[in-house]
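Before any comments, here is the structure.
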Amino acid sequence: MIHEKFLREKVVLVDSSDKSLGVVSKTQAHEKGFLHRAFSVFVIDGNSNMLIQKRAITKYHSAGLWANTCCSHPQIGENIVESAKKRLKEEMNISAIPQEIFAFEYNHKFDDNMFEHEIDHVLISTYNGSFKINKEEASEAKWIGFSELKKEIEDKPEIFAPWFLIAVPKVLEIFEKKNLQKKN
């Protein structure tokens, strides 16, 4: 059996329609800007608060920036929902079943010549329990209300990861529409 740590060091290369093309090392994908598959999980409680994390300072890109509850790359042969469910447990000790709500492609070059060129599958999960962060992944985490989050993004976008800034407006819009429909 292939060791889990070895699998985590690989990412699935894709074309712009998210068709698998093979695998490369995670480092190579981010150094060369190869398009690969990723996912971002947004956890929201019953009071319209989002759980966000501050990425660990040891991360090789976006270190110390605020981002969604967890994000990663699906493992070889693993579907996105199962991979997201597993990573949510590993990163935040949350047991939940996220649902995919959309995907988008983005390409971002960081100051240190690292790249994020991903098809990012965005998943959402509602959850009202406690969490415990994995210090290898995040230095801190907090629940933040939607209005406070929108204001922080407007006032200080530089403290957030680039994919988060792209995804969060649509996540909030979708979640707010769902809640509005439930009330009517």
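Residue numbers (this note's numbering): 829 to 1012. Ideal placement from N, C-alpha and C gives every residue a C-beta, glycine not left out.
Nearest-angstrom Cβ-Cβ length linking residue i and residue j, presumed shorter than 8 Å
| i | j | result |
| --- | --- | --- |
| Pro926 | Val869 | 5 Å |
| Leu841 | Val851 | 6 Å |
| Val871 | Thr897 | 4 Å |
Sub-7 Å separation of residue i and residue j beta-carbons
| i | j | result |
| --- | --- | --- |
| Arg883 | Ser890 | yes |
| Ile880 | Ile961 | no |
| Ile1002 | Ile929 | yes |
| Ala924 | Ser953 | yes |
| Phe943 | Gly892 | no |
Sheet register partners of residue i (DSSP bridge)
| i | result |
| --- | --- |
| Asn877 | Gly973 |
| Ala931 | His949 |
| Thr897 | The partner list for Thr897 (beta bridge, DSSP) is empty, contrary to what the question assumes. |
| Val851 | Val840 |
Residues of its chain near residue i, where Cβ-Cβ distance is below 7 Å and the 5 sequence neighbours each way are ignored
| i | result |
| --- | --- |
| Lys914 | none |
Cβ-based neighbour list, residue i, same chain, cut-off 6 Å, excluding 5 preceding and 5 following
| i | result |
| --- | --- |
| Met829 | Because Met829 sits at a pLDDT of 34, beneath the cut-off of 50, its placement in the model cannot be relied upon, and the following sentence gives the value as read from the coordinates. So the list is empty, once near-sequence residues are dropped. |
| Trp894 | Ile880, Lys882, Ile987, Phe988 |
| Val839 | Lys854, Ala857, His864, His901 |
Same chain, Cβ closer than 8 Å to residue i, neighbours up to 5 away in sequence not counted
| i | result |
| --- | --- |
| Glu964 | Ala884, Thr886 |
| Phe834 | Note on Phe834: pLDDT 42, under 50, position unreliable in the model; the coordinate value appears next. Closer than 8 Å at the Cβ level, and outside the excluded window around Phe834, lies no residue. |
Contact test: residue i Cβ vs the ligand HEM heavy atom, cutoff 6 Å
| i | result |
| --- | --- |
| Val950 | Among the components modelled here there is no ligand, and therefore nothing to report on the ligand HEM. |
Stretch-stretch touch, CB-based, cutoff 8 Å, three pairs: the region 988-995 with the region 909-924: no
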